[in-house]
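Residue numbers (my numbering), protein chains in the order written: chain A, 1 to 252; chain B, 253 to 504; chain C, 505 to 756; chain D, 757 to 1008.
For every residue, glycine included, the Cβ atom is placed at its ideal position computed from N, Cα and C.
Keep in mind that this is a model prediction, so the values were computed, not measured.
There are 4 protein chains.
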Amino acid sequence: MEKIKIKKMMDIIPEGKSVLVCGLPGIGNVGRITVDYMVDKLKMEKVLEIYSTHFPAQVFVDREGKAHLNRNTLFYKKLNKGKSLFVFTGDFQGNTPEGQYDLSWQLLEIAREMNVSTIYTLGGYGVGKLVDTPRILGAFTSLEMKENLIKNGVKFPEGEPGGGIVGSNGLIVGLAYKFFHLEAACLMGETSGYFPDPKAALEILKALSKIIGFRISLEELVERCKNLSELTEKMQSEMVDKEKKEDLGYFQ
Amino acid sequence: MEKIKIKKMMDIIPEGKSVLVCGLPGIGNVGRITVDYMVDKLKMEKVLEIYSTHFPAQVFVDREGKAHLNRNTLFYKKLNKGKSLFVFTGDFQGNTPEGQYDLSWQLLEIAREMNVSTIYTLGGYGVGKLVDTPRILGAFTSLEMKENLIKNGVKFPEGEPGGGIVGSNGLIVGLAYKFFHLEAACLMGETSGYFPDPKAALEILKALSKIIGFRISLEELVERCKNLSELTEKMQSEMVDKEKKEDLGYFQ
Amino acid sequence: MEKIKIKKMMDIIPEGKSVLVCGLPGIGNVGRITVDYMVDKLKMEKVLEIYSTHFPAQVFVDREGKAHLNRNTLFYKKLNKGKSLFVFTGDFQGNTPEGQYDLSWQLLEIAREMNVSTIYTLGGYGVGKLVDTPRILGAFTSLEMKENLIKNGVKFPEGEPGGGIVGSNGLIVGLAYKFFHLEAACLMGETSGYFPDPKAALEILKALSKIIGFRISLEELVERCKNLSELTEKMQSEMVDKEKKEDLGYFQ
Amino acid sequence: MEKIKIKKMMDIIPEGKSVLVCGLPGIGNVGRITVDYMVDKLKMEKVLEIYSTHFPAQVFVDREGKAHLNRNTLFYKKLNKGKSLFVFTGDFQGNTPEGQYDLSWQLLEIAREMNVSTIYTLGGYGVGKLVDTPRILGAFTSLEMKENLIKNGVKFPEGEPGGGIVGSNGLIVGLAYKFFHLEAACLMGETSGYFPDPKAALEILKALSKIIGFRISLEELVERCKNLSELTEKMQSEMVDKEKKEDLGYFQ
């Protein structure tokens, strides 16, 4: 089997320059939540699917019992003023470093074909504790991009993220710049990393819609954040109660 | 060495549509027990063997001292009414995800050559406890298949199997549907997963023989199930006795 | 870099049928000790070296400070009556299953070129305790070979070796038979597996020289076995002394 | 993606024979510190960069927030009398043995193109304790080199380094000699291995500048060694103080 197989659903090559947003699974699933939300709210269309021997050897089974091969998917939406938006998401990033390089490279070849000129990869920045209003951290490849990101609220605190950016989010940005002459940046939303985190996704989406220039209803995502906040508050107060009781028991 | 090598024993391309049943080693060895039993009882003929660098680097040595390379094997049997049956079994599934993809793809190319139109992969569904009458769970790729499976006693409980289907059983079904336009389903027999389990194999075989339409004597398999039941009952009663004695000792 | 690179030192294609003996590193280093001894005592000539990305990424540094790449080497010796003997040994078997398949296959292609008709792989059979007179266990591919091996003292006890033969010793035999139509057998000398074991090598060499038909002085190997026996006896009696003293201390 | 990609910055093929010095990351980071210092002090020019799927799948993010793909880099400097000097350093050695072989081979093909006739690889020799004046140990491929190295203070103590040379430092030397007919040696500076070690780098640089014949200001490196010595002495005396106090506490 070829290492990467592409299944096209739609023949589309936008005339003007287009933008690509990538949100694969990762810390707090921030990137994937953001992009899944965009696909849903912007009613984006499926362009193609990527299958690969670099993915885990398994199928998902949905609630009806239907089996689905692991895959990544590219979606498309025509924006105002001749601009085009592509988003990329999916089930996995690739099992090995080599697989992640291969899959990132393949995506960039597709992006070139689709006249993409700018790429944003989205991810979480794990901080190991609950965050009220997550910052959005950035990593850039050209200074013009950096200035524009800062204007839209993205932060570049010195020394963060300390360990670099691991996985596809980093590779896509690095390869895009070095080998495809595309502008690329990575946006990382602060997250505890303990659970799928809509809050970081919300903050990323606020910044991203201004940066790229598209309108999207955030209502449902705000609702999910509220539900999550209630849940975590409830859990915390229950833990405090429990500790208090245990403390009393201890001192009696 | 090429990654996969095929050794043909027999030149056969059935005229009508044929069915392929796969039973490779896995949880409770359910798939392999079922298919080995079919090969034996239906007196099936060897069509070809698959050798691969994706298998562990070792040979089996049989009781006489003869060395055998790891391999998978395809068998054939002409059924009534021009129908043909192929089954596939063997020693291993492939060491790595890439190997499992490669081997599954290779099998599907062979299946296409052999005019196979429908594939069933067989496996165990590990539940971690002894089961009296194992359910057969299914995963399908087309709704027509699902209906036919339900009619023959296969269950599709919502949310099961939760973690998807890992390994060749899943890949063969997923790849068959996406890239070979073949109908495919996976049948999983409930099993404790603690030992090779003829009971799950028996239930699968009852369903499968009705679904595909072949007759097979189940007597010997029923016998093996009875022997296993006696053995597990004896072990359980011995454990209860031992616990009782220990309890007595404890309270004296 | 190509995965396997061959460096030829000598152009030789024997006219008659020749025999190949393989002794790569493994349990008790039995195979390698045997073949290294043959190379030395029979004054065999270097035919070629094999280098490979399947070997560990390191060089050995000898006592003078010279660096040596990991390699396997083929040696040659003309025997009486037009017979030719090749032996193969080296530093490693290959890092991965795929590497071991590749390297075994490559050796068999060389063997075919060299008119080899029969192959013996040599190894240790780890039994986890000191053995006075190691048995030689065999695994065969054709019944004629088995009979000849038995005549020369090789044993085929039912169910041994239980776990098959892991690594090149097994693969070379299995691939030789299935894909190269060569006769092949594996000879395994019983060994504790705790240290490099000349005793198992000695017993293998006694049998092998009769099976293939060559003369070799065993004196030096016998000497090494005696030295090892004295050493292990001394260690054992010291351990007994130490235990006695400790026992006394314990009871005082 | 191809496994190795080269990005050229400069077209240079020196007329005379040139020398290549390699200092990749490793024990005490000795090789990399040495070569980075040479690049800086000798004002060397970037010739090319190597990117590879054999490197970890991540990007570094610098203090400004700019993302950098993992890479190795070749630098160039014209020395006196028509001699040319190349140095090679970078972020990683390759994730796997196969990757390390591939990357070493690629470098040697570049070296051949650049008329390189002699190669020195630099590394640390971990001894697990602080060393006042690190020895420089060597491993050679031709006896002429050895004599020249000894004359310049390199040691060849029998049996050191015991475990051979692991990674690129060994492979480059071994492959250069066996397959590219280049002279090659490895110089290893003794180091504790506990932290990046400028002392070993300093001693290597003293020897290397004499061996190859170039002048370099060592002032700044001497300064870094002094700073490190002060730091480690301070830490040691603090530990002694702490132990004394604990001892007092223990006996009171």
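Cβ pair residue i, residue j closer than 7 Å
{"i": "Gly-846 (chain D)", "j": "Gly-945 (chain D)", "result": "no"}
{"i": "Tyr-328 (chain B)", "j": "Ile-256 (chain B)", "result": "no"}
{"i": "Gly-138 (chain A)", "j": "Ala-185 (chain A)", "result": "yes"}
{"i": "Glu-350 (chain B)", "j": "Thr-53 (chain A)", "result": "yes"}
{"i": "Lys-407 (chain B)", "j": "Arg-387 (chain B)", "result": "yes"}
{"i": "Glu-568 (chain C)", "j": "Arg-315 (chain B)", "result": "no"}
{"i": "Gly-170 (chain A)", "j": "Gln-814 (chain D)", "result": "yes"}
{"i": "Leu-679 (chain C)", "j": "Ser-608 (chain C)", "result": "yes"}
{"i": "Leu-187 (chain A)", "j": "Leu-107 (chain A)", "result": "no"}
{"i": "Glu-733 (chain C)", "j": "Leu-528 (chain C)", "result": "For the record, residue 733 (chain C) in the displayed sequence is Ser; it is not Glu. Contact: no."}
{"i": "Ile-464 (chain B)", "j": "Lys-293 (chain B)", "result": "no"}
{"i": "Val-858 (chain D)", "j": "Met-505 (chain C)", "result": "The amino acid occupying residue 858 (chain D) in the given sequence is Asp; Val does not appear at that position. In this structure, Met-505 (chain C) lies closer than 7 Å to Asp-858 (chain D) by Cβ."}
{"i": "Ile-531 (chain C)", "j": "Gly-630 (chain C)", "result": "yes"}
{"i": "Arg-616 (chain C)", "j": "Phe-684 (chain C)", "result": "yes"}
Which of helix, strand or coil DSSP assigns to residue i
{"i": "Tyr-629 (chain C)", "result": "strand"}
{"i": "Val-59 (chain A)", "result": "strand"}
{"i": "Gly-138 (chain A)", "result": "strand"}
{"i": "Lys-245 (chain A)", "result": "helix"}
{"i": "Lys-17 (chain A)", "result": "coil"}
{"i": "Leu-69 (chain A)", "result": "strand"}
{"i": "Ile-165 (chain A)", "result": "strand"}
{"i": "Lys-802 (chain D)", "result": "strand"}
{"i": "Ser-117 (chain A)", "result": "strand"}
{"i": "Thr-34 (chain A)", "result": "helix"}
{"i": "Gly-926 (chain D)", "result": "helix"}
{"i": "Gly-213 (chain A)", "result": "helix"}
{"i": "Gly-598 (chain C)", "result": "coil"}
{"i": "Gly-530 (chain C)", "result": "coil"}
{"i": "Met-513 (chain C)", "result": "coil"}
Beta-carbon separation (whole angstroms), residue i vs residue j, contact threshold 8 Å
{"i": "Lys-521 (chain C)", "j": "Leu-552 (chain C)", "result": "Actually they are not in contact, since the Cβ atoms of Lys-521 (chain C) and Leu-552 (chain C) sit about 20 Å apart, beyond 8 Å."}
{"i": "Tyr-177 (chain A)", "j": "Val-21 (chain A)", "result": "Wrong, their Cβ atoms sit about 16 Å apart, outside the cutoff."}
{"i": "Ser-696 (chain C)", "j": "Lys-633 (chain C)", "result": "6 Å"}
{"i": "Val-19 (chain A)", "j": "Ala-201 (chain A)", "result": "Incorrect: roughly 18 Å between the Cβ atoms, too far for contact."}
{"i": "Ala-823 (chain D)", "j": "Val-35 (chain A)", "result": "Not quite, the Cβ-Cβ distance comes to about 20 Å (not below 8 Å), so this is no contact."}
{"i": "Asn-322 (chain B)", "j": "Phe-340 (chain B)", "result": "Wrong, their Cβ atoms sit about 15 Å apart, outside the cutoff."}
{"i": "Cys-225 (chain A)", "j": "Pro-196 (chain A)", "result": "That belief does not hold up - the Cβ atoms of Cys-225 (chain A) and Pro-196 (chain A) are roughly 12 Å apart, past 8 Å."}
{"i": "Gly-416 (chain B)", "j": "Phe-60 (chain A)", "result": "5 Å"}
{"i": "Thr-118 (chain A)", "j": "Glu-183 (chain A)", "result": "5 Å"}
{"i": "Leu-525 (chain B)", "j": "Leu-457 (chain B)", "result": "Nothing in the structure corresponds to residue 525 (chain B), since chain B is present only between 253 and 504."}
{"i": "Ile-554 (chain C)", "j": "Asn-584 (chain C)", "result": "Their Cβ separation, rounded to whole angstroms, is 29 Å, which puts Ile-554 (chain C) and Asn-584 (chain C) out of contact at 8 Å."}
For residue i, the residue or residues it bridges with in DSSP
{"i": "Thr-988 (chain D)", "result": "DSSP output for Thr-988 (chain D) lists no bridge partner at all."}
{"i": "Ile-508 (chain C)", "result": "C:Ser-556"}
{"i": "Ser-588 (chain C)", "result": "C:Ser-522, C:Lys-582"}
{"i": "Lys-155 (chain A)", "result": "A:Leu-137"}
Would you mind listing the alpha helix (DSSP H) stretches within the region 676-713 of chain C that are 4+ residues and don't spill past its ends, in chain order?
702-712
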